[in-house]
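I have placed the structure first, in the form of structure tokens, so that the comments after it can refer back to it.
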Amino acid sequence: MSTDIDFPEHEPAPPKIRICLRCQTEFESAWAGERICKACKSTHAWRSGEGVRTVSNRSGGGGKSGGD
1 MSTDIDFPEH
11 EPAPPKIRIC
21 LRCQTEFESA
31 WAGERICKAC
41 KSTHAWRSGE
51 GVRTVSNRSG
61 GGGKSGGD
């Protein structure tokens, strides 16, 4: 028994203008997850991981503490 299902062709979404999360300028994003512009991605700092900030616990509580 064959269960061939014909799914409609999915066309990729057209590029969208987004704001770069690093330099705040507009750029044409090729896909939904692209949030950093090509100019920023081409910098030495971006490629080497310099200046990457880590997320801190902003609530001030709930983290592990010593001695418990």
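So the sequence shown is residues 1 to 68, counted in UniProt numbering. Think of the CB as a built atom: it goes at the ideal place given N, C-alpha and C, for glycine as much as any other residue.
Here the alpha carbon of W46 sits roughly 36 Å from the alpha carbon of E9. Around the C-beta of C23, fewer than 16 other C-beta atoms lie within 10 Å, and the residue is accordingly described as exposed. Secondary structure at R35: coil, using DSSP grouped into helix, strand and coil. Exclusion of the five residues before and after R18 leaves S29 as the residues of its chain whose Cβ lies within less than 6 Å of its Cβ. Within the DSSP secondary-structure output, I19 pairs in a beta bridge with E26.
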